[in-house]
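Engineer: The following block contains the structure, expressed as structure tokens.
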Amino acid sequence: MKRQGGFTLIELVVVIVILGILAVTAAPRFLNLQSDAREASLQGLKGAIQGAAGIVYGKAAIEGSETAVSGSIENIDVVYGYPAASTTGIGAAVVGLSDTSEWQVSGGANTAGASIQYTFTGTNPNWNCAVTYTAPSTSGAAPTVTTATADDC
3 MKRQGGFTLI
13 ELVVVIVILG
23 ILAVTAAPRF
33 LNLQSDAREA
43 SLQGLKGAIQ
53 GAAGIVYGKA
63 AIEGSETAVS
73 GSIENIDVVY
83 GYPAASTTGI
93 GAAVVGLSDT
103 SEWQVSGGAN
113 TAGASIQYTF
123 TGTNPNWNCA
133 VTYTAPSTSG
143 AAPTVTTATA
153 DDC
């Protein structure tokens, strides 16, 4: 009778269990999905802020108030036609930014050149993982919107 060389069922089960343990412990380090999701959310917020700023500026241009240092359009505080860097400016222009269960805010003022920051709500907010909106400082200038995404986002 020939003797066949192969793996026993127990050896195969042990190898599968070891591979499963390695996958559970090593995969999260290589697949940093939470950080990627946070960065994608910040990029989405940046796009929403830029879109809202453009729409508000269009409305200000139609009304002829795009060169005014300050004002209000549709209950949104504006600076040179763009939303002010405040909760009553860009915070009112973007739907959902006033939801304190999702976003935490820092800074903000209804003046030219002011900045406001939004990050995820938490007990210890990470301001290295945020979107910053800066109102224009002069007539004809556009606001700036930047995202800061650290490795620990």
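According to the numbering used here, the sequence shown holds residues 3 to 155 in order. Here a beta-carbon is modelled for each residue, glycine too, at the ideal position from N, C-alpha and C. Computed from a prediction, not measured in an experiment: that's the story for all the values here.
Excluding the 5 residues flanking Ser67 on each side, which residues of the same chain have their C-beta closer than 6 Å to its C-beta?
Structural biologist: Result list for Ser67: Gly73, in chain order.
Engineer: Which residue wins for smallest C-alpha separation from Ala114, given the options Ala42, Thr125, Ala29, Ala143?
Structural biologist: The candidate whose alpha carbon is nearest that of Ala114 is Ala143.
Engineer: In terms of residues, what are the limits of the alpha helix (DSSP H) holding Ala111?
Structural biologist: Careful: Ala111 lies outside any alpha helix (DSSP H) and carries neither H nor E.
Engineer: Only counting the same chain, and skipping five residues up and downstream in sequence, which positions put a Cβ closer than 8 Å to that of Leu44?
Structural biologist: Contacts found: Cys131, Ala132, Val133, Thr149, Thr151, Cys155.
Engineer: Considering only the alpha carbon of each residue, which of Gly8, Ser108, Gly124 lies closest to Ser117?
Structural biologist: For the residues Gly8, Ser108, Gly124, the minimum Cα distance to Ser117 belongs to Ser108.
Engineer: Using the beta-carbon count (16 or more within 10 Å), is Asp79 buried or exposed?
Structural biologist: The residue in question, Asp79, is buried, as its Cβ has 16 or more Cβ neighbours within 10 Å.
Engineer: Should Asn77 be labelled buried (16 or more other beta-carbon atoms within 10 Å of its own) or exposed?
Structural biologist: Classification of Asn77: exposed, given that the 10 Å Cβ count is below 16.
Engineer: For the alpha helix (DSSP H) that Thr102 lies in, which residues bound it at each end?
Structural biologist: Note, Thr102: premise wrong, no alpha helix (DSSP H); not H, not E.
Engineer: Using 7 Å as the threshold, is the C-beta distance between Ala55 and Pro85 below it?
Structural biologist: Yes, the Cβ-Cβ distance between Ala55 and Pro85 is below 7 Å.
Engineer: Opposite Gly60 in the DSSP bridges: which residues?
Structural biologist: Answer is none; Gly60 lacks a bridge partner.
Engineer: Taking 7 Å as the threshold (C-beta atoms), are Ser88 and Ala70 in contact?
Structural biologist: Not in contact: Ala70 and Ser88 (Cβ atoms no closer than 7 Å).
Engineer: Are the beta-carbon atoms of Val96 and Ile51 separated by less than 7 Å?
Structural biologist: Yes, these two residues count as a Cβ contact at 7 Å.
Engineer: Consult DSSP for Pro30 and reduce its assignment to one of helix, strand or coil.
Structural biologist: Correct three-state label for Pro30: helix.
Engineer: In this structure, does DSSP put Val15 in helix, strand or coil?
Structural biologist: Of the three classes helix, strand and coil, the one that applies to Val15 here is helix, per DSSP.
Engineer: Which residues mark the beginning and the end of the alpha helix (DSSP H) in which Ala94 is found?
Structural biologist: From DSSP, the alpha helix (DSSP H) with Ala94 extends over 92-95.
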